[in-house]
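Chains as they are written, first to last, in this note's numbering: chain A, 158 to 425; chain B, 2 to 426.
The C-beta atom is built at its ideal place from N, Cα and C for all residues, glycine as well.
The structure appears right after this line, and notes come after that.
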Ligand SMILES: Cc1cc2nc3c(=O)[nH]c(=O)nc-3n(C[C@H](O)[C@H](O)[C@H](O)COP(=O)(O)OP(=O)(O)OC[C@H]3O[C@@H](n4cnc5c(N)ncnc54)[C@H](O)[C@@H]3O)c2cc1C
């Protein structure tokens, strides 16, 4: 179902949306899979326009992980054929520049490899389009502008207005992707296109290692005498034993609670 | 008069015995001597005490304050002691663009400032840490967090820098780059805006930024890769987006935090327009993300009233397992070991006894407020404020208080002065 304002906006001319998809990996088994954030981007694209979005992948992968995106109800996927260590940004920018597109959606960070989250910014900058990070939904589109909601910490949202065309990354708080169906995924068409992608020179001399566990920061007691430091290190953290209110009427008690809530800034 | 030193066995005995009632008074009486230059001198023969076997013992508790600095108010004493670290003529800068959520330094900001000081010290010629604060600043002690120089702008050509305005901020950073050419640009890689601004800045500068960097020195940087599964070892670039706890915050010194001049850049027209925060229905916020949770347990009977209170307070609803098992609340609202681990800043627990499985789930909450009939239950021990009262009565009064706040009228009809009530209305 399209939101009403959106269906009106797109009645004349359907929105043209592209989603950039990558191959993800399962965090535990490390099997290749459909990347979660990219699937949410595809889901958002599907919900925005009656015209099917185009899916674009740079690489040489031809596996079930990539096909799983087709199982979400799409007919075809474009693969820009490139080496695994090629720089995807110029290839993508060259391809997208020639397409009549309104919105390009991506995930925030890739699940494999560097996962820096810089790609949408770099692509947007090469195209000269604005980039909106971490959107959760597109609320309406009117006279060449889109109203989008951006995810903030603690489940808060912010409304932004951007001119079309633009690039946006889709936050993990957006709607989860629909189930991928196996049959359509196998039947879907993968359209390979040659592209002249240069190898990523900047990354050539970097080394990749399995992640080392990061040390936990300990609260070290500083200063004082040795005895004081010893006491601070060994003392059991006691329940601070907050204030207990037994006396008073119910109203006074409720006032105390409300005063605390106001002091903490959660009730205005 | 003979010059023979006479011993006082009684005093010696007291000096040996820390539990003696006169011990503290005696030790306090031995005042430290002041030498001719005004320095405090310690007579090593008088510190400690001699055991009966003739062995000398030192007492590091040092109640008389001889020989050691007393720390009766440790925080104050340390703040006074910290020496000032000053960079008089910096040859270069290490720029830190702080997040300052709510105008205050986050712990992430402090970590990044700590790393900036490390990088500045590692340089051969003197470098200063340039802290850049864009937007409202309510933090007063930037020097204590490691800022040698500060550039603070809360607006640009009458455009406020609060809210979402990455393009305005980029134009300011460009201006800073033009004047000061920092050796490094450091950003906290955070959802509070640092990751976004840092990525934009890296792309604009054609720098391959280190993202999620967690181990940084002058030559090498280690970054976390996708899904936190790989580490990338690479040379340290000029633009770094740093993970939390990338370095320890500064501790030993105070820093100057001298304001620097900056001519504001030419006004630009931003393409992305901030239309303000969206009022989010708190019941739609996922429990693990919510900032303020009102949770109900077995001590709540009137569930309609509970939902009403959650609505007027603007709280996200949570529940204990018993309330969920009894069918009063959906499973995805359960807090605790077998439910959701919440990170709310304020957690208001009504009629919850505080079983360990429940307390585990609220381990990260900063402020816990409890309403319970039983003053001896575990939730009371965990809570910062406890009210011993019936849940239904407290809810009713909370509803009254909130309606009064919204309308500005007192409903406390029987006790309120009538004239005053009319005046308020
Ligand atoms: C394997 C396992 C996993 C579990 N996981 C969870 C979990 O994830 N989350 C969870 O919550 N529990 C969990 N539990 C259950 C847990 O052990 C407790 O049984 C449960 O938390 C108790 O819920 P309660 O505090 O609401 O109820 P009770 O223990 O019954 O406490 C009710 C409290 O309300 C007070 N009260 C009663 N009437 C009133 C009134 N009128 N006004 C004010 N106060 C009143 C009482 O004094 C009492 O303190 C788990 C248990 C097991 C065995």
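Worksheet item: How would you call residue 182 of chain A, buried or exposed, if buried means at least 16 neighbouring beta carbons within 10 angstroms?
Response: buried
Item to complete: Rank A:265, A:270, A:269 by C-alpha distance to the C-alpha of residue 278 of chain A and give the top, closest one.
Response: A:265
Worksheet item: Near ligand 1, which residues have their beta-carbon closer than 5 Å to a heavy atom?
Response: B:298, B:299, B:300, B:321, B:322, B:323, B:337, B:338, B:339, B:340, B:352, B:353, B:354, B:356, B:358, B:359, B:373, B:374, B:375, B:378, B:391, B:392
Worksheet item: Roughly how far, in whole angstroms, is the beta-carbon of residue 364 of chain B from the beta-carbon of residue 379 of chain B, given that I think they are within contact range, below 8 Å?
Response: With 8 Å as the limit, residue 364 of chain B and residue 379 of chain B do not qualify as a contact, their Cβ atoms being about 13 Å apart.
Item to complete: Report the residue ranges of all beta strand (DSSP E) runs contained in full by the stretch 346 to 390 of chain B; include only those spanning at least 3 residues, in chain order.
Response: 347 to 351, 368 to 373, 386 to 389
Fill in: Residues from the stretch 398 to 417 of chain A in contact with chain B, defined by Cβ distance under 8 Å
398, 399, 400, 401, 402, 403, 407, 408, 410, 411, 412, 413, 414, 415, 417
Item to complete: Identify, in the order they occur along the chain, each residue of the same chain with its Cβ nearer than 8 Å to the Cβ of residue 200 of chain A, setting aside the five sequence neighbours on each side.
Response: 229, 331, 332, 333, 334, 335
Discussion item. Give me the DSSP bridge partner(s) of residue 224 of chain B.
Written reply: B:214, B:233
Discussion item. Looking only at its chain, what residues have a beta carbon closer than 8 Å to the beta carbon of residue 287 of chain A, apart from the 5 residues adjacent to it on each side?
Written reply: 281, 319, 320, 323, 324
Discussion item. Quick check on residue 285 of chain A: does DSSP put it in helix, strand or coil?
Written reply: coil
Fill in: Contact residues within the stretch 322 to 353 of chain B, judged by C-beta distance below 8 Å to chain A
346, 347, 349
Discussion item. Which residues in chain B have a C-beta closer than 7 Å to the C-beta of residue 366 of chain A? List them in chain order.
Written reply: 231, 232, 234
Worksheet item: Counting Cβ pairs, one atom from each stretch, are 3 or more of them under 8 Å apart for the stretch 288 to 308 of chain A and the stretch 247 to 257 of chain A?
Response: no
Discussion item. Closest to residue 134 of chain B by C-alpha separation, out of B:263, B:253, B:55, would be which residue?
Written reply: B:263
Fill in: Closer than 7 Å at the beta carbon, the chain B residues around residue 194 of chain A
Chain B residues near residue 194 of chain A: none, gap ~10 Å exceeds 7 Å.
Item to complete: Below 6 Å CB to CB, which residues in the same chain sit around residue 245 of chain A once its five sequence neighbours on both sides are set aside?
Response: 215
Worksheet item: Do you know offhand how far residue 271 of chain A's Cα is from residue 180 of chain A's?
Response: 13 Å
Fill in: 3 or more residues per run - each beta strand (DSSP E) lying fully within the stretch 170 to 194 of chain B
185 to 189
Discussion item. Alpha carbons only, please: which of A:289, A:189, A:414, A:187 is nearest the one belonging to residue 261 of chain A?
Written reply: A:289
Worksheet item: Comparing alpha-carbon positions, which option in A:419, A:401, A:313, A:234 lies nearest residue 384 of chain B?
Response: A:401
Worksheet item: Taking 7 Å as the line, does the beta carbon of residue 394 of chain B fall inside it for any heavy atom of ligand 2?
Response: Ligand 2 is not among the ligands present in this structure, which contains only ligand 1.
Item to complete: With a threshold of 16 other CB atoms inside 10 Å of the CB of residue 406 of chain A, please say whether the residue is buried or exposed.
Response: exposed
Fill in: Alpha carbon of residue 185 of chain A to alpha carbon of residue 230 of chain B, nearest angstrom
9 Å
Discussion item. By the three-class DSSP mapping on this structure, what secondary structure does residue 306 of chain A have?
Written reply: strand
Item to complete: Quick one: give me the first and last residue of the beta strand (DSSP E) that residue 402 of chain A is part of.
Response: 400 to 402
Fill in: CA-to-CA distance, residue 194 of chain B to residue 170 of chain B, given in whole angstroms
11 Å
Discussion item. Taking 8 Å as the threshold (beta carbon to beta carbon), is residue 114 of chain B in contact with chain A?
Written reply: no
Worksheet item: Between the stretch 158 to 186 of chain B and chain A, which residues of the former have CB atoms less than 7 Å from a CB of the latter, in chain order?
Response: 165
Discussion item. With a threshold of 8 Å, are at least 3 pairs of Cβ atoms found where one atom belongs to the stretch 239 to 249 of chain B and the other to the stretch 110 to 117 of chain B?
Written reply: yes
Worksheet item: Looking at residue 220 of chain B and residue 236 of chain B, is the spacing between their C-beta atoms short of 8 Å?
Response: yes
Discussion item. Assuming contact is defined by CB atoms lying nearer than 8 Å, are residue 86 of chain B and residue 255 of chain B in contact in what I supplied?
Written reply: yes
Practice prompt. Specify whether the stretch 193 to 213 of chain B and the stretch 119 to 134 of chain B touch according to this definition: at least 3 beta carbon pairs, one from each stretch, less than 8 Å apart.
Written response: no
Worksheet item: Are the Cβ atoms of residue 411 of chain A and residue 386 of chain B separated by less than 8 Å?
Response: no
Practice prompt. Quick one: using the 10 Å Cβ neighbour count with 16 as the cut-off for buried, is residue 213 of chain A buried or exposed?
Written response: buried
Fill in: C-beta neighbour in chain B for residue 287 of chain A, strict 8 Å
yes
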